[in-house]
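1 is the number of the first residue of the sequence shown in the UniProt record's numbering; add one for each residue after it. The beta-carbon is built from N, C-alpha and C at its ideal position, and this holds for glycine as well.
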Amino acid sequence: MTNTDRLLTKYSKIANSLIGRIESGEFPPGSKLPSLRKICLFEECNLSTAVEAFGILQERGFISGRERSGYFVLPRPELYPKYKLEKPVRVPNPSVPEEVSSLMSELADPGFIPFGAAVPDPQFLPYSSLQKSYKKSLKDSQVYKYSDAAGILELRKKIAIRSSGKERRVRPEEVFITLGCSEAAFLALSLSTKPGDKVAVESPLHFVLYQILSELKLKAIEIPTDPFTGLDLQSYISVIKKESPKFLITIPTFSNPTGSLMPLESKKELLKISSKYGVKILEDDIYGDLQHNGGIRPSSLLSLDTEGIVTQVSSLSKSVNPGLRIGWMISDITKVENARRLRLAEAISLPAIPQLASSYFIGSLAHERHLREFRRRLGGLVLSYADSFLEYFPKGTKVAIPQGGFLLWIELPKGKDSRVLRFQAAKKKISLVPGNLFSLSGKYVNNFRINAGVLMGPKVISAIQTLGKIAKEI
Numbered sequence: 001m002t003n004t005d006r007l008l009t010k011y012s013k014i015a016n017s018l019i020g021r022i023e024s025g026e027f028p029p030g031s032k033l034p035s036l037r038k039i040c041l042f043e044e045c046n047l048s049t050a051v052e053a054f055g056i057l058q059e060r061g062f063i064s065g066r067e068r069s070g071y072f073v074l075p076r077p078e079l080y081p082k083y084k085l086e087k088p089v090r091v092p093n094p095s096v097p098e099e100v101s102s103l104m105s106e107l108a109d110p111g112f113i114p115f116g117a118a119v120p121d122p123q124f125l126p127y128s129s130l131q132k133s134y135k136k137s138l139k140d141s142q143v144y145k146y147s148d149a150a151g152i153l154e155l156r157k158k159i160a161i162r163s164s165g166k167e168r169r170v171r172p173e174e175v176f177i178t179l180g181c182s183e184a185a186f187l188a189l190s191l192s193t194k195p196g197d198k199v200a201v202e203s204p205l206h207f208v209l210y211q212i213l214s215e216l217k218l219k220a221i222e223i224p225t226d227p228f229t230g231l232d233l234q235s236y237i238s239v240i241k242k243e244s245p246k247f248l249i250t251i252p253t254f255s256n257p258t259g260s261l262m263p264l265e266s267k268k269e270l271l272k273i274s275s276k277y278g279v280k281i282l283e284d285d286i287y288g289d290l291q292h293n294g295g296i297r298p299s300s301l302l303s304l305d306t307e308g309i310v311t312q313v314s315s316l317s318k319s320v321n322p323g324l325r326i327g328w329m330i331s332d333i334t335k336v337e338n339a340r341r342l343r344l345a346e347a348i349s350l351p352a353i354p355q356l357a358s359s360y361f362i363g364s365l366a367h368e369r370h371l372r373e374f375r376r377r378l379g380g381l382v383l384s385y386a387d388s389f390l391e392y393f394p395k396g397t398k399v400a401i402p403q404g405g406f407l408l409w410i411e412l413p414k415g416k417d418s419r420v421l422r423f424q425a426a427k428k429k430i431s432l433v434p435g436n437l438f439s440l441s442g443k444y445v446n447n448f449r450i451n452a453g454v455l456m457g458p459k460v461i462s463a464i465q466t467l468g469k470i471a472k473e474i
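Quick look at the structure:
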């Protein structure tokens, strides 16, 4: 036997041993494996052999590495949602269910466990660094003037730099600052469509975007998605040929609600298809900075776009602070100039202080440190939530494990209705979002979305146990 054979046998043996311990339940989903150093001591091997063993486990989907935290056991694939991709659905007159209003009231009530809100726990936010940025902004002479209607130039420059890619360099004059991502999406669609236009939308999709479609009187065609890889491209082509939509609305990087991540090659193919058939794309990239693995940020559609067909909207609400209300639209200069004219007629300019504070913070060392730590903590937290829901909910419950963001898309066993779960949970002061709100055609009634960005503690665990008890009874 060669030395190579011995090494191969050794790390394969270690990997198989760990897989056996995982499958036996010794290391349940969400739990942390022993460190590489401990494996070396226990198995009497060198570090490279232990790394190879862990690599096998990662390739086979048993574990996931978290920067500066170690390796965690993933739920097994049989516990993942397995959707049957449905046919596209035409929704001529989109309208949002009335229950959205009562849901928003719940989200604003501090007495509720905020599983329904898509915002990170306040303890994740970079308070001290932002306070320093605010102090700097108060000393800036721009704070005492009207700012440019499109937004303060330094902020637009920094957003342009962070949004650029190898294929697409974004210029500051293509950036328009807004009050959050929703205003940016409303602007982008209102400046590019007219009532009655057809718009293709991925499904499920965040209900706020549906509210915008309803307000603008646009016709929607829902396109099915995979909970892990996003938009189904064959269905998209079918819709284009049959319906000739003017726009596609998509969240290709850590979508809301599923957390799906469209592979790079699929993103490139989506751009080719859209360019070929003349369909413009509205890309929501609000979760794009929150990858869990600590590696390179996934490419956005905008960063890959060489044809000028993508308008991107995003904000700092999910990654830095929702209270800043700093969002943006990145589009062609004509659209930005039209948005500027609207702003001048409506409000002249946005408040200068939040823009200046954001400008001082974005791209700083403090910002990069915050993002690294936030991503690291989110990865482990999301796994812990997934493990808890699988433990306390009825047998047959499935959870999609995202590679980024902090949302979990959970599928109840057949026959369970998330709308009933939501109303029963509200009586216990627990909020969640039922799946039907993420579809204009009333689909996903046995799914619901959870905010897994709330720090774990006795109160949160108790709330999950309560939800599990309700789910078993409905």
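Residue interval of the beta strand (DSSP E) (run including Gln-312)
310-315
Given a cut-off of 7 Å on the beta-carbon distance, is the pair Arg-343 and Ala-149 in contact?
yes
Along the chain, where does the beta strand (DSSP E) containing Leu-264 start, and where does it finish?
Premise fails: Leu-264 lies in the alpha helix (DSSP H), 264-277, not in any beta strand (DSSP E).
According to the neighbour-count rule (16 or more other Cβ atoms, all chains shown, within 10 Å of its Cβ), is Phe-42 buried or exposed?
exposed
Residues bridged to Met-329 by DSSP?
Phe-176, Val-313
Shortest alpha-carbon distance to Gly-457 belongs to which of Tyr-146, Lys-267, Gln-123, Phe-207?
Gln-123
Please return the same chain residues whose Cβ sits closer than 6 Å to the Cβ of Leu-248, not counting the five positions on each side in sequence.
Ala-200, Val-279, Ile-281
Neighbourhood of Gly-468 by C-beta, 6 Å cutoff - its chain only, sequence neighbours within 5 removed:
Tyr-392, Phe-393
Scan the UniProt domain "HTH gntR-type" (8-76) and note each continuous alpha helix (DSSP H) run of 4 residues or more that stays entirely inside, going in chain order.
36-43, 47-59
Who does Lys-219 pair with in a DSSP beta bridge?
Lys-198
Cβ-Cβ distance between Leu-356 and Asp-197 below 7 Å:
no
So, with DSSP's three-state summary, where would you put Glu-307?
coil
Spatial neighbours of Lys-217 in its chain, beta-carbon cut-off 6 Å, leaving aside the 5 residues before and after
Pro-195
Quick check: the Cα distance between Leu-421 and Val-399, rounded to an integer number of angstroms?
16 Å
Given 8 Å, three or more beta-carbon pairs between the stretch 317-328 and the stretch 171-180
yes
By DSSP, does Ile-113 sit in helix, in strand, or in coil?
strand
Ala-400 - DSSP class collapsed to helix/strand/coil:
strand
For the candidate residues Leu-271, Ala-386, Gly-230, whose alpha-carbon lies nearest to that of Pro-29?
Ala-386
So, with DSSP's three-state summary, where would you put Val-433?
strand
Chain-order list of residues whose beta-carbon lies under 8 Å from that of Lys-459 (same chain, five-residue window excluded)
Ile-113
Coil, strand or helix - Leu-365 by DSSP
helix
From this set, Ala-463, Ser-235, Tyr-71, which residue's C-alpha is nearest Gly-111's C-alpha?
Ala-463
Can you look up Ile-461 in the DSSP assignment and give me helix, strand or coil?
helix
DSSP state of residue 475 mapped onto helix, strand, coil
Because residue 475 is not part of the residues shown, which for the chain are 1 to 474, the question remains open.
Relative to the alpha-carbon of Ala-452, which residue among Gln-465, Phe-423, Thr-397, Ser-384 has its alpha-carbon at the smallest distance?
Ser-384
If you follow the alpha helix (DSSP H) that Arg-297 is in, where does it begin and where does it stop?
Unbroken run through Arg-297: none, as it is neither H nor E.
Residue range of the beta strand (DSSP E) that Leu-248 falls in?
247-250
Would Leu-187 pass as a contact of Ala-339 if the rule is Cβ separation under 7 Å?
yes
Could you compute how far the alpha carbon of Met-104 sits from the alpha carbon of Ile-309?
33 Å
CA-CA distance, Leu-301 and Lys-443?
27 Å
In this structure, how does DSSP classify Lys-145 when only helix, strand and coil are distinguished?
coil
According to DSSP, is Thr-229 helix, strand or coil?
coil
Delimiting residues of the beta strand (DSSP E) encompassing Leu-282:
280-284
Determine the DSSP secondary structure at Ser-439, reduced to helix, strand or coil.
coil
Does the beta-carbon distance from Pro-227 to Ser-260 come in below 7 Å?
yes
Going by beta carbon distance, what residues of the same chain come within less than 6 Å of Gln-465, once the five residues before and after it are set aside?
Tyr-392
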